[in-house]
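Trainee:
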Amino acid sequence: MNDNKALRIPITNVYANGDYTMDVYLGSEHQKARVILDTGSSTLAVHPTNYRPESDHYLQPTSYAQDVTYGLGGWTGPLIKTSLTLAGHCSQRDAEHAFTVATTHVAVATTEQPHAFANADGIMGLAYHGLNKAFNLHDYFEQNQVVPAVTFPWPFSVKATHQAIVDFKKFLWHYVEQDILPCFTEWEAHGYCANQFSFLTHRSSIHHAQADLTLEELEQDPLNQGIFVLGGGEEQDHLYQGEFTDIPVLHHVYYNVDLAAIQVANLEQRAAPALAEKDQAHYFSNAILDTGASAIVLPATLYQTLLDDIRTIAPSSYHCLINYPAFNGEEQGINIQEMENLAWPDIKFWFRGVKAPLVVTAREYWQMNAPKFGLASFKIFSQLAHWPDQSILGLPIFNPYFTIFDRQNNATIRFAEKRSSTT
-19 MNDNKALRIP ITNVYANGDY TMDVYLGSEH QKARVILDTG SSTLAVHPTN
31 YRPESDHYLQ PTSYAQDVTY GLGGWTGPLI KTSLTLAGHC SQRDAEHAFT
81 VATTHVAVAT TEQPHAFANA DGIMGLAYHG LNKAFNLHDY FEQNQVVPAV
131 TFPWPFSVKA THQAIVDFKK FLWHYVEQDI LPCFTEWEAH GYCANQFSFL
181 THRSSIHHAQ ADLTLEELEQ DPLNQGIFVL GGGEEQDHLY QGEFTDIPVL
231 HHVYYNVDLA AIQVANLEQR AAPALAEKDQ AHYFSNAILD TGASAIVLPA
281 TLYQTLLDDI RTIAPSSYHC LINYPAFNGE EQGINIQEME NLAWPDIKFW
331 FRGVKAPLVV TAREYWQMNA PKFGLASFKI FSQLAHWPDQ SILGLPIFNP
381 YFTIFDRQNN ATIRFAEKRS STT
């Protein structure tokens, strides 16, 4: 597949609590796995349910293990190599097309915190190699006379708790660490696709058009669907209109950007806090653009400023928000009638050196009929207590736009208004 043959792949948000998944087909048996498309991590991992590694004749074991924790959830397991197939529509001919990567790295999430991937089968991290750490246990196997000296079948017993997974990571750090090329980087390097990918999404929460729908029925709702374009970008002009707003990527780790300020309606811009010096070596900038986050998460001071400015414009809306249920790890909602007739201003996100802001409207930061039919879910949060002053700019900031992650030359993330016909 070359630059002129970008692959358009259907995606859906119903299997991962609003995050988007696409189907991949693994190994000799082409076993389907739904993987979360996450620009906030770099590892391709699946749990051994839909994908059965023991029946994969293409599987090549390695001596490497991986252990990854996210904001919520985590897992550990062996790193293997196997084949992977993607299917979609070829942009050049608008015909069904599939391609197979003969060998790619896949982690098998043998021990996983409950619901780390929600109802999905795994995750595909689309960020850079510095986040895709693996540990070579060859010396451990030699010292303990483990034969063969490979991590699959998995020779360890790790409890499926956050603390146990964190503790196992401490054990792994005694051994040689190596960054593994993420799958997208690997595919681009071997000429399977151009060094860019694109998203078109509509929601950050699952839309429940009525009560008691099955996952299959939810998946048929156009609002719960989207498009991932592997290797494609600006040529997809049927998906967007107008000019692009280009935001520079500052560090090739996460998709790190420099958030200058937020602005409620036409009030004064409010400066985003800088990342503390002690956090710069690990977090790199004061914001990341993250498709694996189903909300916008702001540092506590910036979040309070947002509330204060909403109170200035619309006191009733402010009181609605301060009475909104606190985040407890699961999506919350209030009756739609409590918020639908209130005034909700646009929120603008300004980036340093970029002339135009990204605009998030109430359509994006309030998700109607979520998490259940008849409820509304607010999708801007204050940061967790242990997190640095870094804004996580998740799906609500992507939903109004067609977005290109252009990793060529000086990487940029490009936003153009999506065409109304795509919703």
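Start counting the sequence shown at -19; every next residue gets the next number (the working numbering).
Heads up, the beta-carbon is just placed ideally off N, CA and C, and yes, glycines get one too.
(1) Thr392 and Ile227: beta carbons closer than 8 Å?
(2) Taking its Cβ as the centre, do 16 or more other Cβ atoms sit within 10 Å of Lys139, making it buried, or is it exposed?
(3) Helix, strand or coil for Leu(-13), going by three-state DSSP, please let me know.
(4) Could you say if the segment 142 to 154 and the segment 259 to 277 meet the contact criterion of at least three C-beta pairs nearer than 8 Å?
(5) Given this structure, state the Cα-to-Cα distance separating Leu282 from Pro337, to the nearest angstrom.
(6) To the nearest angstrom, report how far apart Ile314 and Cys300 are at their CA atoms.
(7) Let me know the secondary structure DSSP gives Ala87 once reduced to three states.
(8) Closer than 6 Å by C-beta to Glu199: which residues in its own chain qualify, once you throw out the five before and the five after it? Chain order, please.
(9) Is the beta carbon of Thr84 sitting closer than 8 Å to the one on Lys113?
(10) Got a sec? Which residues, its chain only, sit under 6 Å from Pro305 by beta carbon, not counting five neighbours each side?
(11) Are there 16 or more other CB atoms within 10 angstroms of the CB of Leu278, so buried, or fewer, so exposed?
(12) Three or more C-beta pairs under 8 Å: does that hold for the segment 8 to 15 against the segment 223 to 241?
(13) With the cut-off set at 8 Å, would you say Trp55 and Thr29 are in Cβ contact?
(14) Where does the unbroken alpha helix (DSSP H) through Phe164 begin, and where does it stop?
(15) Per DSSP, which one or two residues make a beta bridge with Pro337?
(16) Here's a check: name, in chain order, each residue in its chain whose Cβ is nearer than 8 Å to the Cβ of Ala253, leaving out the five neighbours to either side.
(17) According to DSSP, is Ile160 part of a helix, a strand, or is it coil?
(18) So, Ser43 versus Tyr108, is the Cβ gap smaller than 8 Å?
(19) Could you check which residue in Phe331, Ala98 and Ile302 has the C-alpha nearest to that of Gly309?
(20) By how many angstroms is the C-alpha of Gln347 removed from the C-alpha of Phe78?
(21) Does the Cβ of Asp147 have 16 or more other Cβ atoms within 10 Å, making it buried, or fewer, making it exposed?
(22) Around the C-beta of Thr285, are 16 or more other C-beta atoms found within 10 angstroms, so that it is buried, or is it exposed?
(23) Please classify Glu320 as buried or exposed, where buried requires at least 16 neighbouring CB atoms within 10 angstroms.
(24) Curious, which full-length beta strand (DSSP E) runs of at least 3 residues does the segment 216 to 301 contain?
(25) Is the beta carbon of Asn379 closer than 8 Å to that of Ser178?
(26) What do you get for Asn116, buried or exposed, if any count of 16 or more other CB atoms within 10 angstroms of its CB means buried?
(27) Give me whichever residues DSSP pairs with Ala(-4) in a beta bridge.
(28) Below 8 Å, how does it come out for the segment 161 to 168 and the segment 322 to 331: are there three or more Cβ pairs, yes or no?
(29) Helix, strand or coil: which one does DSSP assign to Phe121?
(30) Quick one: grab the DSSP three-state call for Phe385.
(31) State the Cα-Cα distance for the pair Met(-19) and His366, rounded to the nearest angstrom.
(32) Determine the contact status of Val237 and Gly110, defining contact as a CB-CB distance below 8 Å.
(33) Tell me whether Ser137 is buried or exposed, calling it buried when 16 or more other Cβ atoms sit within 10 Å of its Cβ.
(34) So is Trp153 buried or exposed if we call it buried at 16+ other beta carbons inside 10 Å?
(35) Just the Cα atoms here: how many angstroms apart are Ile302 and Leu52?
(36) Does Gly213 pass the burial test, meaning 16 or more other C-beta atoms within 10 Å, or should it be called exposed?
Mentor: In this structure, then:
(1) It is a contact, given that the beta carbons lie within the stated cut-off.
(2) Counting every other CB atom within 10 Å of its CB across the protein chains shown gives Lys139 a total below 16, marking it as exposed.
(3) Three-state result, Leu(-13): strand.
(4) No, because fewer than three Cβ pairs between the segment 142 to 154 and the segment 259 to 277 fall closer than 8 Å, the two stretches do not touch.
(5) Distance between the alpha carbons of Leu282 and Pro337: 17 Å.
(6) The C-alpha of Cys300 is placed about 10 Å away from the C-alpha of Ile314.
(7) Looking at Ala87 - three-state DSSP - the assignment turns out to be strand.
(8) Only Thr(-8) and Val(-6) meet the Cβ criterion.
(9) Result no, Cβ atoms of Thr84 and Lys113 do not sit closer than 8 Å.
(10) If we look at Pro305 and ignore the five residues flanking it on each side, its Cβ neighbours are Gln312.
(11) Its Cβ being crowded by 16 or more others within 10 Å, Leu278 is buried.
(12) Short answer: they don't touch.
(13) For Trp55 and Thr29, no; Cβs fall outside 8 Å.
(14) Phe164 -> alpha helix (DSSP H) spans Cys163 to Ala169.
(15) Pro337 is not bridged to any residue.
(16) Reading the sequence as shown, one finds Pro at residue 253 and not Ala. For Pro253, where only same-chain residues beyond five positions count, the Cβ hits under 8 Å are Asn266, Pro279, Thr281, Leu282 and Asp369.
(17) If DSSP states are grouped into helix, strand and coil, Ile160 belongs with coil.
(18) Against a cut-off of 8 Å, the Cβ pair of Tyr108 and Ser43 comes out as no contact.
(19) Ranked by how close their Cα comes to the Cα of Gly309, the residues Phe331, Ala98 and Ile302 have Ala98 in first place.
(20) Phe is not the amino acid found at residue 78; the sequence shown has Ala there. The straight-line gap from Cα to Cα measures roughly 34 Å.
(21) In the assembly as shown, Asp147 is an exposed residue. Its beta-carbon has fewer than 16 other beta-carbons within 10 Å.
(22) By the 16-neighbour rule on beta-carbons within 10 angstroms, Thr285 is buried.
(23) Exposed, because fewer than 16 other Cβ atoms sit within 10 Å of the Cβ of Glu320.
(24) Listed in chain order, the complete beta strand (DSSP E) runs (minimum 3 residues) inside the segment 216 to 301 are 220 to 228, 239 to 244, 267 to 269 and 276 to 278.
(25) At least 8 Å separates the beta-carbon of Ser178 from that of Asn379.
(26) Note on Asn116: 16 or more other CB atoms within 10 angstroms of its CB, so buried under the neighbour-count rule.
(27) By DSSP's assignment, Ala(-4) forms a beta bridge with Asp(-1).
(28) By the criterion of at least three beta-carbon pairs nearer than 8 Å, the segment 161 to 168 is not in contact with the segment 322 to 331.
(29) Phe121 falls in the helix class under three-state DSSP.
(30) Strand at Phe385.
(31) With a pLDDT of only 45 at Met(-19), under the threshold of 50, the placement of this residue in the model should not be trusted, and no figure is reported.
(32) With a cutoff of 8 Å on beta-carbon distance, Val237 and Gly110 are scored as not near each other.
(33) Under this definition Ser137 is an exposed residue.
(34) It is exposed - the Cβ of Trp153 has fewer than 16 other Cβ atoms within 10 Å.
(35) Between Ile302 and Leu52, the alpha-carbon positions lie close to 24 Å from each other.
(36) Buried, because 16 or more other Cβ atoms sit within 10 Å of the Cβ of Gly213.
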